[in-house]
Each structure stands twice: as C-alpha cells, then as structure tokens.
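Residues in the sequence shown are numbered consecutively from 24, following our numbering. Glycine residues also receive a C-beta, built at the ideal position from the N, C-alpha and C atoms.
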Amino acid sequence: MMHPFEVVAEPVRRRILEVLATGRHPVGVLNEVIAVEFGVSRSAVSHHLRILRAVRAVSVLPDSAERLYGLEDDFLHRLDAAVGELFHLWDHRYGFGSEHAPISVPTPPRTPHVGRERSVRGDRQRPHRLGRKGRRGAGRGESASWEGREPPT
C-alpha cells in the first residue's frame with residue numbers, strides 16, 4: 024500500500040483531501056474546485072480519486088443524484104502515525120539530546136607531509152613556474168625593471 028506521505032505529496036490529491044476534510048462533497052464539486060485551481064480535466068480528477076479510493080484515503084457513498092466522496096478516518100490515523108514516526112526519529116536523532124553523544128574519531132592528516140619540515144629549495148627554478156619563453160619574472164628582492172628593454176607581451 025502507498026505510504027501516506029506519497030499520497031499527500033501530489034498537489035492535486037492533497038487538495039482533494041483538504042476539500043474533503045471540510046465534509047462530504049459530490050464529485051461535481053471536486054471536479055470544479057480542482058479544475059479551477061489546477062487547470063486539469065475531469066478525467067485527471069477522476070484518476071486521482073481512483074488512487075485515493077485504492078489506498079482507502081476516501082470513500083464513496085452513492086447518492087440518488089451523484090456520488091458523494093468523503094475522507095476516511097483510518098487514512099488520517101495512518102497519516103498521523105507517519106508524522107508521529109518522524110517526530111520520534113527527530114526527538115531521538117543521533118547525537119542530539121542523548122546521553123551518548125557521538126565520539127569524534129581523530130582523522131589522519133590528508134597530506135603525508137603534514138608535521139614534517141619543509142625542504143629548502145633555494146634558488147632552484149622549477150620549469151613549471153617559468154613564464155613565457157622560459158623566463159622567470161623578478162626574483163626575490165629584485166624589482167621587475169624594464170629599462171632599456173621591451174616589457175614582455
């Protein structure tokens with residue numbers, strides 16, 4: 024059987040249930056309300072009513088003129104129980120308000136060189152850091168002076 028949250032997750036079905044929560048209504052009224060609010064056809068409303076009947080969320084009473092739809096108490100109890108389960112899970116969620124808070128396990132460093140002394144590379148040039156045409160910019164303590172030469176483009 025479909026979970027109560029699945030039933031009310033669909034906006035058309037949820038609106039049908041809201042209308043039926045006010046009392047029993049003939050199918051014509053349901054068709055009008057849903058068609059105006061959602062712009063769907065009578066056959067679409069009929070499809071959703073069929074699903075609601077299949078999951079026993081609504082019942083149908085044959086009337087002399089029209090079929091009257093009503094909300095089933097049992098469905099509301101199932102929906103209430105499902106919401107109650109969520110509240111129970113929320114109240115007992117892991118690490119919140121319990122005596123046994125989660126224990127933080129120390130994680131190893133991400134990089135293997137953490138904690139080691141860095142090597143001194145000196146003035147060695149690294150080829151991947153060379154600029155265009157294999158030249159580096161100004162070194163440490165030097166300023167990039169372009170006197171007498173053209174600046175690189």
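On the criterion of 16 or more Cβ atoms from any shown chain inside 10 Å, does residue i qualify as buried, or is it exposed?
| i | result |
| --- | --- |
| H71 | buried |
| F28 | exposed |
| A80 | buried |
| L94 | buried |
| S92 | Just to set this straight, residue 92 is Tyr in the shown sequence, not Ser. Y92 is buried by the Cβ-count criterion. |
| V106 | exposed |
| V59 | exposed |
| R116 | exposed |
| R37 | exposed |
Would you mind giving the Cβ-Cβ distance between residue i and residue j, rounded to the nearest angstrom? I have them listed as a contact below 8 Å.
| i | j | result |
| --- | --- | --- |
| I39 | I57 | 7 Å |
Give the single residue among the options whose Cα lies nearest to the Cα of residue i.
| i | options | result |
| --- | --- | --- |
| V30 | R76, G46, V50, V59 | R76 |
| L43 | G62, H115, F98 | F98 |
| A88 | V63, G46, G51 | G51 |
| N54 | F61, T45, G46, R65 | R65 |
| D86 | D96, F110, H48 | H48 |
| V35 | R101, A67, L102 | A67 |
Problem set entry | Residue ranges of each alpha helix (DSSP H) within the segment 29-108, 4 or longer | 34-43, 50-61, 65-77
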